[in-house]
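Take the sequence shown: its letter number 614 is residue 879 in my numbering, and every next letter is one higher. Cβ atoms here follow ideal geometry from the backbone N, Cα and C, with glycine treated the same way. Here is the structure we will look at.
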Amino acid sequence: MSYQVLARKYRPRTFDELVGQEHVSRALMHALDQDRLHHAYLFTGTRGVGKTTIARILSRCLNCEQGVSARPCGVCPTCQEITDGRFVDLIEVDAASRTKVEDTRELLDNVQYAPTRGRYKVYLIDEVHMLSAHSFNALLKTLEEPPPHVKFLLATTDPQKLPVTVLSRCLQFSLKALPAEQIAGHLKALLDKEMIRYDEPALLSLGKAAQGSMRDALSLTDQAIAFGSEQLSSEAVNAMLGTVDRNHVLTLLVALAEQEPAGVLAALASVCEHSPGELALLDELITQLHQIAVCQAVPGNHDEAVSQLAAALTAEQVQLYYDVALRGRRDLQDAPDTRAALEMLLLRMVLFTPKGVLPAQGGGTPAKKPEAAVASATADGRPDLRALLDAPPSATVVTPAETQTAPPVPEPAVAPSPEAIPATPADSASASQPSPGNAVSTAEQEVPPWEDEPPPWEDDAPAPAEMPEPNPTASDPSATSEPEPEAEPLAPLPEPSSPSDVAPWWASLLQRLDLDGTVRHIARNAVLVSRDDPHWTLRISTGHQVLVNRERLDELSAALGNYFQRRIQVQVEYEQQAGDTPEAMAEARRQELLVEATQTLHQDPVVQQLVGRFGGRLDEDSVTPKETVE
């Protein structure tokens, strides 16, 4: 017997064998068991998610010789004939090849006749959206009131092209794309039956490549079996699919964690030799960054490599890298040299990292990040990232985290000479100052790799003649010092002198109140109508009425009462237009600033020269005023 492809060999024959689509199978099984059957069903979804399969299962359930049920016997002649595709009362029509109205009329001429073998005559019309307008018109009446022995099962990948008159006559079921993990689990069960060796990461790669289609996943599995000679390894599957090996992405992530531009470019050069393309590499990098962010946010049972990278990177770094990679993806598609564009993107990740994101130098407090499980670490407590790559650690790369290690044991030497004093004031301030009675001091201080050499303008700078007097308060943040004086409270807000001053006074008052986002939003979109203590009345537009409740009004009342030191009860009234609210005034001010900025740009000599000489055009949508309005 000739080989039968996996998509046909393992096509589900019952609802219990169906993978996913529980929302569809549950509804159909209940309808079959309770005898609440509709005369027309419409199944929609992308290719390979089970539309035709569900239609055939439903046909088997309707015509099984054991009776109508959600679980057909599968052994009677009717079930066998439907499985083999030779049941006379199951009329399968490919609407893509029979689009004419003559074909539809010919099909409907036999509707009135009773079924030959089965209980129902089932019309399965695939790709129904391909029918012409005249064909739909010919089908409408029969579709609405068919004979009791007729069932219509329609399937389409594009329900938007169906007339609403057809949609209203059918029960519509939208089939979902299957997740990659669910596809991989089904492939694992099938390969166990086929007794084919596999790697689980290879199955997950096939599930992702299928993009939610189980049929595509089975077809790719057939191809992978032939490509790998009856064995599915990760290397063979990645080579067949043209995807990026995960270890190559880990190489880049380790280099990014070390924050060394030279190391990042070197890692990219080595990775690109084995990568199918820069865009695929960037996509996999985005995927791994997402997994690292999830590991940081929800520590648990994660991959060892992901856990170590999650511990080595701060949450702010991961979010920054993800945003840069996602935004740079469209730039990569437009760049004339994708390799150069990817290098620029990675350098942007390293060089544009804010200083507050990286661990602080000189024993400062590092940026807060969620705890993550670390499988292995070095002697100084840092994660052993290079162990992920099965390669020796680089001897020349110094990571920012290394600058936070314990200070070296001071040598029992004499007091430092003037040459050993750091040249820059910043280094002098950060170095530990010796006490008057102690001759031992730290002569050297670890510096980051970008400060190994002094700048050229300091090469000839004369050394200081004498050691400055130690200042324990400047060098030791933990030293006892006088507490800083508290900030002076703001001056009391003057009362409005006229009704026209009430709106600006209310806007100024809101800036002094401690309110959360929702309550502040309500207050900024309200107009102060009256202040008859203890009752204050606000006018709010009906569009913001959904945000208002008693709890939020009580919070606003409490904030006002704390500010004025008296009891205030806020009540609201609703109108279509609230009036001159603080938000409306701020928006008007923003528009004024935007107009002024646009006019300034139009009057700029450089812009006028670009427009006049080169035919340029000012993109007014990109203009942003320098002043911000609260």
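Contact set for residue i: own chain, Cβ-Cβ below 8 Å, skip 5 residues either direction
i: residue 875; result: 881
i: residue 826; result: 832, 833
i: residue 885; result: 863
i: residue 461; result: 490, 495, 496, 497
i: residue 270; result: 483, 484, 487
Reduced DSSP secondary structure (H/G/I, E/B, other) of residue i
i: residue 836; result: strand
i: residue 882; result: coil
i: residue 509; result: coil
i: residue 305; result: strand
i: residue 477; result: coil
i: residue 874; result: helix
i: residue 464; result: coil
i: residue 810; result: helix
i: residue 427; result: coil
i: residue 471; result: helix
i: residue 890; result: coil
i: residue 279; result: coil
i: residue 602; result: coil
i: residue 486; result: helix
i: residue 778; result: coil
i: residue 611; result: helix
i: residue 517; result: helix
i: residue 389; result: strand
i: residue 497; result: strand
i: residue 412; result: coil
i: residue 764; result: helix
Same chain, Cβ closer than 6 Å to residue i, neighbours up to 5 away in sequence not counted
i: residue 630; result: Model confidence at residue 630 stands at a pLDDT of 38, short of 50, so the residue's coordinates are unreliable and nothing is read from them.
i: residue 507; result: 541
i: residue 477; result: 442, 443
i: residue 607; result: 543
i: residue 451; result: 284
i: residue 358; result: 390
i: residue 428; result: 401
Span of the beta strand (DSSP E), counted from its first residue to its last, around residue i
i: residue 792; result: 791 to 797
i: residue 805; result: 800 to 806
i: residue 586; result: Where residue 586 is concerned, there is no enclosing beta strand (DSSP E), although the alpha helix (DSSP H) it sits in stretches over 580 to 599.
i: residue 417; result: 415 to 421
i: residue 436; result: 436 to 439
Start and end residues, alpha helix (DSSP H) containing residue i
i: residue 557; result: 543 to 562
i: residue 288; result: 287 to 298
i: residue 896; result: The chain is shown from 266 up to 895; residue 896 falls before or after that span and cannot be answered.
i: residue 617; result: No alpha helix (DSSP H) contains residue 617, which DSSP labels as neither H nor E.
i: residue 274; result: 271 to 274
i: residue 566; result: Unbroken run through residue 566: none, as it is neither H nor E.
i: residue 774; result: 767 to 775
i: residue 536; result: 526 to 537
i: residue 442; result: It is not in any alpha helix (DSSP H) - residue 442 carries neither H nor E in the DSSP assignment.
i: residue 407; result: 398 to 409
Own chain, CB closer than 7 Å to residue i, minus 5 neighbours either side, in chain order
i: residue 348; result: 278
i: residue 276; result: 318
i: residue 448; result: 472, 475, 479, 482
i: residue 344; result: 325, 329, 337, 338
i: residue 492; result: 501, 505
i: residue 302; result: 296
i: residue 766; result: none
Beta carbon proximity, residue i to chain D, threshold 8 Å
i: residue 315; result: Any reference to chain D falls outside this structure, which holds one protein chain only.
Could you pull out every unbroken alpha helix (DSSP H) segment of at least 4 residues lying fully inside the region 308 to 345, listed in chain order? 316 to 328
Does the pairing of the region 786 to 803 with the region 840 to 851 give three or more beta-carbon distances under 8 Å? yes
Count the CB pairs spanning the region 286 to 299 and the region 431 to 445 that are closer than 8 Å, and state whether there are at least three. yes
What are the complete beta strand (DSSP E) segments, minimum 3 residues, inside the region 342 to 387? 355 to 359
Is there contact here, the region 524 to 541 with the region 563 to 576, by at least three beta-carbon pairs under 8 Å? no
Report the start-end ranges of each alpha helix (DSSP H) in the region 815 to 868 that is 4 residues or longer and not cut off at the edges. 815 to 829, 847 to 868
Is the region 410 to 417 touching the region 374 to 391 in the sense that three or more CB pairs, one from each, lie closer than 8 Å? yes
Kindly confirm or deny that the region 405 to 412 and the region 368 to 377 touch, where touching means at least three C-beta pairs closer than 8 Å. yes
Assess, as a yes-or-no matter, whether the region 831 to 847 is touched by the region 862 to 875 under the definition of 3 or more beta carbon pairs within less than 8 Å. no
Count the C-beta pairs between the region 808 to 817 and the region 770 to 778 that are closer than 8 Å, then say yes if the count reaches three, no if not. no
Would the region 418 to 438 and the region 459 to 472 be scored as touching if the rule is three or more Cβ pairs under 8 Å? no
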